[in-house]
Amino acid sequence: MPKFDIDLSRVTYEYYITGKAAINFPRPHATSGGWHYLAYWNSKVGEAKVSLAGIHYPDTRFCFGDTGILNATDELARRGWKTDHQIYMADHSRATGDMVLKWVLGRSEFCNVELSEWFPDDHDLDAMVGMLRVAIKKLENVQGDRLSRWLGSQLL
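With the working numbering applied, the sequence shown corresponds to residues -13 to 142, in that order.
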């Protein structure tokens, strides 16, 4: 199974864009993300490398609900994207949470998220940590313990 789609045709509210494509999408007034926009988004040829929640990533609504799932249609249009339907994307915090939970629920030894680098603003970092702490309580014991240990290592 591919790790991403190369267009936006399957994007819906349920299957929203998440992961690195969402992290690297610049958001107005955001202090995080947007570093590698062109690696994931090429409006000139209409190609995007997007991972979708519920397809390429686990569905994390059981932990995060609908928090951070935004309608990105207008912002994409401002950046030259033409779509025939609404496009939904995780904000930076939700995309980060989705990436962390993908790791927690998977088998990889290392998580490639670095909270202090990705969230240089203390307020944003605190909000991200709070979101992950809520998730710990909603996970099974082994998964919750894994997330708790990782989160502790991020806060040293």
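Here a beta-carbon is modelled for each residue, glycine too, at the ideal position from N, C-alpha and C. All values reported here derive from a predicted model rather than from experimental measurement.
For residue i, which residues does DSSP report across the bridge?
i: Ile55; result: Ala76
i: Leu38; result: Ile3
i: Glu33; result: Asn28
i: Asp(-9); result: Val36
So, using beta-carbon positions, are residue i and residue j closer together than 8 Å?
i: Ala8; j: Ala113; result: no
i: Leu133; j: Ala121; result: yes
i: Pro44; j: Lys6; result: no
i: Phe(-10); j: His71; result: no
i: Met38; j: Arg(-4); result: It should be noted that the sequence gives Leu, not Met, for residue 38. In contact: Leu38 and Arg(-4) (Cβ atoms closer than 8 Å).
i: Gly91; j: Gln129; result: Rather than Gly, the amino acid found at residue 91 in this sequence is Leu. Contact flag set, yes.
i: Val31; j: Ile3; result: no
i: Arg80; j: Phe105; result: no
i: Leu137; j: Gly83; result: no
i: Glu0; j: Gly54; result: no
Please list the terminal residues of the continuous alpha helix (DSSP H) segment that includes residue i.
i: Leu133; result: Asn127 to Gln140
i: Arg47; result: Arg47 to Phe50
### Query
What runs of the beta strand (DSSP E), each 3 residues or longer, lie entirely inside the segment 64 to 118?
74 to 76
### Task
Could you tell me whether the segment 61 to 74 touches the segment 95 to 105, using the rule of 3 or more Cβ pairs below 8 Å?
no
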